[in-house]
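Engineer:
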Amino acid sequence: MVGLLVACPIFASLAKSVNPFRLIGVGLSVWTIAVVGCGFSFNFWTITICRMLVGVGEASFISLAAPFIDDNAPVAKKTLWLGIFYMCIPTGYALGYVYGGLIGGHFNWRFAFYGEAILMLPFAVLGFVMKPLQLKGFAPAESKKALTSIETAALEVQDAGVSVVKGSMKSSKSNCAFIDLKQFSRFMMDMKVLLLEKVYVVNVLGYIAYNFVIGAYSYWGPKAGYNIYNMSNADMIFGGVTIVCGIVGTIGGGYVLDFINSTISNAFKLLSAVTFVGAIFCFSAFCFKNMYAFLAFFAIGELLVFATQAPVNYVCLHCVKPSLRPISMAMSTVAIHIFGDVPSSPLVGVLQDHIDNWRKTALILTSILFPAAVIWFIGIFLHGVDRFDEESEHPQVTTADRSNTMPLLDGKAAGAAETLAEP
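Position 405 of the sequence shown, counted from 1, bears residue number 1059 in this note's numbering, the numbering being contiguous throughout.
#1: Consider the Cβ of residue 842: report whether some Cβ of chain C lies at a distance smaller than 8 Å.
#2: Give every residue of the same chain whose Cβ lies closer than 6 Å to the Cβ of residue 969, excluding the five residues on either side of it in the sequence, and list them in chain order.
#3: Let me know if residue 980 comes out buried or exposed under the rule of 16 or more other beta-carbons within 10 Å of its beta-carbon.
#4: Between the Cα of residue 949 and those of 961, 960, 962 and 935, spot the shortest distance and give me the residue it belongs to.
#5: Alpha carbon to alpha carbon, what distance is there between residue 764 and residue 758?
#6: Does the distance from the CB of residue 999 to the CB of residue 894 come in under 8 Å?
#7: If distances are taken between C-alpha atoms only, which option among 774, 665, 659 and 660 comes closest to residue 978?
#8: Is residue 1048 helix, strand or coil by DSSP?
#9: Assuming residue 669 and residue 718 make a contact with CB atoms under 8 Å, what is their CB distance in whole Å?
#10: Is it buried or exposed, residue 912, if we count other Cβ atoms within 10 angstroms and call 16 or more buried?
#11: Between the alpha carbons of residue 755 and residue 748, how many angstroms are there, rounded?
#12: Using the C-alpha atoms, what's the distance from residue 996 back to residue 866?
#13: Using only alpha-carbon positions, find the residue among 773, 874 and 766 that is nearest to residue 752.
#14: Which same chain residues, not among the five before or five after residue 771, have their C-beta less than 7 Å away from its C-beta?
#15: Find out if the Cβ-Cβ distance for the pair residue 933, residue 952 is shorter than 8 Å.
#16: Grab me the residues of residue 910's own chain with a C-beta within less than 6 Å of its C-beta, minus the 5 sequence neighbours each way, in chain order.
#17: I'd like to know if the stretch 1002 to 1021 and the stretch 834 to 841 are in contact, where contact means that at least 3 CB-CB pairs between them fall below 8 Å.
#18: Compare the Cα-Cα distances from residue 927 to each of 716, 784, 860 and 683 and report the closest residue.
#19: Leaving aside the five residues before and after residue 683 along the sequence, list all residues of the same chain whose C-beta is less than 6 Å from its C-beta, in chain order.
#20: If you draw a straight line from the alpha carbon of residue 667 to that of residue 955, how long is it in whole angstroms?
#21: Please tell me whether residue 782 and residue 900 are closer than 8 Å, where the distance is taken between their beta carbons.
#22: Going by the CB atoms, is the gap between residue 854 and residue 662 shorter than 8 Å?
#23: Near residue 803, which residues of its chain fall below 8 Å by C-beta distance, leaving aside the five closest residues on each side in sequence?
#24: Would you decide whether residue 730 is buried or exposed? Buried here means 16 or more other CB atoms lie within 10 Å of its CB.
#25: Below 6 Å CB to CB, which residues in the same chain sit around residue 888 once its five sequence neighbours on both sides are set aside?
#26: Cβ atoms of residue 929 and residue 1027: under 8 Å apart, would you say?
#27: Hey, would you say residue 844 sits closer than 8 Å to residue 790, going by beta carbons?
#28: For residue 659, collect the residues of the same chain with a Cβ closer than 7 Å to its Cβ; drop the 5 residues on either side in sequence, then sort them by chain order.
#29: Select from 709, 677 and 852 the residue whose C-alpha is nearest the C-alpha of residue 692.
#30: Considering only the alpha carbon of each residue, which of 1032, 976, 916 and 1035 lies closest to residue 1043?
The structure is reproduced here in C-alpha cells:
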C-alpha cells in the first residue's frame, strides 16, 4: 500500500513528459522484478520491501489504464468496458486464492511468486515493443521529442553563454533545479484544479465513505460471521459471496449506466440509488438471526454496492480535462485508501473491543453506507460538465512552431557569441 500510494501521483505526473503507454511497461517491469524478489526473500524486511515495490508497479496501471480504456471503448459501451476492467479485481482475488492454495499445497510457497512473474513477463515486454497507444489530452511522442529538442537547444545555448561569463557549472545545476521545480509546480497546479472541481471532490468523498465500509468488510467480515452465525467456514462463504457479487455487480453497474445514457448526472443517480438500497439490504442482513436469511440479504446488498465501481470511476475520468485524467485517478486511489480502507479496519477493531458485540459493530459499520449514498445524491444537483471532448492543454508542435522558435535560438546564440567576443 505504501508503494502504491507514493507512486500513483508520480506516474500520473510523468505521463505529461513520458509516453503513458511506456510508463505502464515500466510499471509492469518493476512489478515483475519485485515479485521475483518476494520469492527470493530471506527475512521479513526483504519481503516487505519487495511488496512495497510491487505496489509501485501497480501504481502505473491504477492511474493510466482506465484513461486508455476510456479512450478506446465504443461510445455506447464506455462504462461497461470500465466495469469489465474493475471486475478483474474481485476475479483476481478469487484466482489468487485458488492459485496460491494449489501452488502452496503442492510446492514451496516461493514458487507462487515465481509463477506470477512468469505470467506477467510477456505483458511487461509488450509494454515496450508494441506501438504505443496515444492517450487523449497528451501530445504525441514526436511532438514531445520536438519540444524537448527545442528546449534542450535553448538551455545549451544559455548554458554556454553563462558558463563563459562565470566560468563555472553552476548554471547547469540551477537549470536542473528549475526543471524539478517546474514539474512540482505543474503537479501543484493540477492538484488545485482537482480540489476546485466540486463534482470531483463530492465523488471522491462518497467513494471514501464507501471504501471505508468495503475495506472493513473484507478484513473483519469472516470473523463477524463466525461469531454471529457460528460459520465454520466463514472465510470461504464470505469470499465466495464477495467474488460472485463483485463480478456480477461491477459489470451490471457499467451496463446499466450505458443503458440509461452515460452522463455524470446519471452516474450520480445510479451511485446514490444502488448504494442506498444496497445499504438497506446489508443492514437488514445483520439483523437476522438465521444464517441463510443473512446470506441472502447480504448477497443482494453486496451485488448492489459493487455496482458503483464503473460509475464512480466514470465520473473521475469525465469531470476533468483529458490531460488531468491520470492525476484524477491517482489521487482518487490515494484518497480512498488513506481515508477509507486503511484506517477502517483498526477503527472497527477498536469499536469492537469497546462494545464487545459483533452484531452491533457490523450494523454501525454498515450504516456508513448511508452517508455515502447521500454524498453521491448531492452530486446530482451539481450539474457536472463532461469535459472529455475539451481541447488538450498540450498542442502538437508543427513545422511552423519549430521555425518560429529558431530565431529565438539564433538570437541567444548571437548573444553568446557577443559575450565571447567581449574583452
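Yeah, the Cβ is synthetic: ideal placement off N, Cα and C, and Gly gets one too.
Structural biologist: Straight from the coordinates:
#1: Absent here is chain C; the protein component of the structure consists of one chain.
#2: What you label residue 969 is simply residue 315 of the sequence shown in a count that begins at 1. Excluding positions up to five away in sequence, the list reads 857, 918 and 921.
#3: If you number the sequence shown from 1, residue 980 lands on position 326. Answer is buried; the Cβ neighbour count reaches 16.
#4: If you number the sequence shown from 1, residue 949 lands on position 295. Closest by alpha carbon: 935.
#5: For the purposes of this step, residue 758 is taken as the residue at position 104 of the sequence shown. For the purposes of this step, residue 764 is taken as the residue at position 110 of the sequence shown. The alpha-carbon atoms of residue 758 and residue 764 are separated by roughly 8 Å.
#6: The sequence position of residue 999 within the sequence shown is 345, counting from 1. The sequence position of residue 894 within the sequence shown is 240, counting from 1. No, they are not a contact pair.
#7: Taking the sequence shown and counting its residues from 1, one reaches residue 978 at position 324. Of the candidates 774, 665, 659 and 660, the one whose C-alpha sits nearest the C-alpha of residue 978 is 665.
#8: The residue given as residue 1048 occupies position 394 in the sequence shown. Residue placement at residue 1048 is poorly supported in this model, since its pLDDT is 48, which falls under 50; the coordinates still yield a value, given next. Residue state, collapsed to three classes: coil.
#9: Numbered from 1 along the sequence shown, position 15 holds the residue referred to as residue 669. Numbered from 1 along the sequence shown, position 64 holds the residue referred to as residue 718. The Cβ separation is near 6 Å, so the contact holds.
#10: Walking along the sequence shown from the start, residue 912 turns up at place 258. Counting Cβ neighbours within 10 Å, residue 912 comes out buried, since at least 16 surround it.
#11: Here the question's residue 755 lines up with position 101 in the sequence shown. Here the question's residue 748 lines up with position 94 in the sequence shown. Approximately 11 Å, taken between the alpha carbons.
#12: Residue numbering aside, residue 866 sits at position 212 when the sequence shown is read from its first letter. Residue numbering aside, residue 996 sits at position 342 when the sequence shown is read from its first letter. The alpha-carbon atoms of residue 866 and residue 996 are separated by roughly 8 Å.
#13: By 1-based counting over the sequence shown, the position of residue 752 is 98. For the residues 773, 874 and 766, the minimum Cα distance to residue 752 belongs to 766.
#14: Against the sequence shown, residue 771 aligns to sequence position 117. If we look at residue 771 and ignore the five residues flanking it on each side, its Cβ neighbours are 686, 689 and 690.
#15: Residue mapping note: residue 933 aligns to position 279 of the sequence shown, counting from 1. Residue mapping note: residue 952 aligns to position 298 of the sequence shown, counting from 1. Contact: no.
#16: One-based indexing of the sequence shown puts residue 910 at position 256. Excluding residues within five positions, none has a Cβ falling inside 6 Å.
#17: no
#18: Here residue 927 corresponds to residue number 273 of the sequence shown, with the count starting at 1. When each option's Cα is compared against that of residue 927, the closest is 860.
#19: Within the sequence shown, residue 683 is the residue found at index 29, counting from 1. Result list for residue 683: 778, in chain order.
#20: In the sequence shown, counting from the first residue as 1, residue 667 sits at position 13. In the sequence shown, counting from the first residue as 1, residue 955 sits at position 301. Whole-angstrom Cα-Cα distance: 37 Å.
#21: Mapped onto the sequence shown, residue 782 falls at position 128. Mapped onto the sequence shown, residue 900 falls at position 246. Not in contact: residue 782 and residue 900 (Cβ atoms no closer than 8 Å).
#22: On the sequence shown, position 8 is the one that residue 662 refers to. On the sequence shown, position 200 is the one that residue 854 refers to. In this structure, residue 854 does not lie closer than 8 Å to residue 662 by Cβ.
#23: As a position in the sequence shown, residue 803 is number 149, starting the count at 1. With a pLDDT of 41 at residue 803, under the threshold of 50, the predicted position of this residue should be treated as unreliable, and no value is reported.
#24: Position 76 of the sequence shown, counted from the start, is the residue given in the question as residue 730. Exposed, by the Cβ-count rule.
#25: Here residue 888 is taken as the residue at index 234 of the sequence shown, counted from 1. Closer than 6 Å at the Cβ level, and outside the excluded window around residue 888, lie 876, 879 and 880.
#26: Stepping through the sequence shown from its first residue, residue 1027 is reached at position 373. Stepping through the sequence shown from its first residue, residue 929 is reached at position 275. Taking 8 Å as the Cβ cut-off, residue 1027 and residue 929 qualify as a contacting pair.
#27: For the purposes of this step, residue 844 is taken as residue 190 along the sequence shown, with counting starting at 1. For the purposes of this step, residue 790 is taken as residue 136 along the sequence shown, with counting starting at 1. The answer is no: Cβ separation not under 8 Å.
#28: Taking the sequence shown and counting its residues from 1, the one referred to as residue 659 is at position 5. Here the set comprises 988, 991 and 992.
#29: The count along the sequence shown starts at 1 and reaches residue 692 at position 38. Measuring from the Cα of residue 692, the nearest candidate turns out to be 709.
#30: Position 389 of the sequence shown, counted from the start, is the residue given in the question as residue 1043. Here the closest residue by C-alpha is 976.
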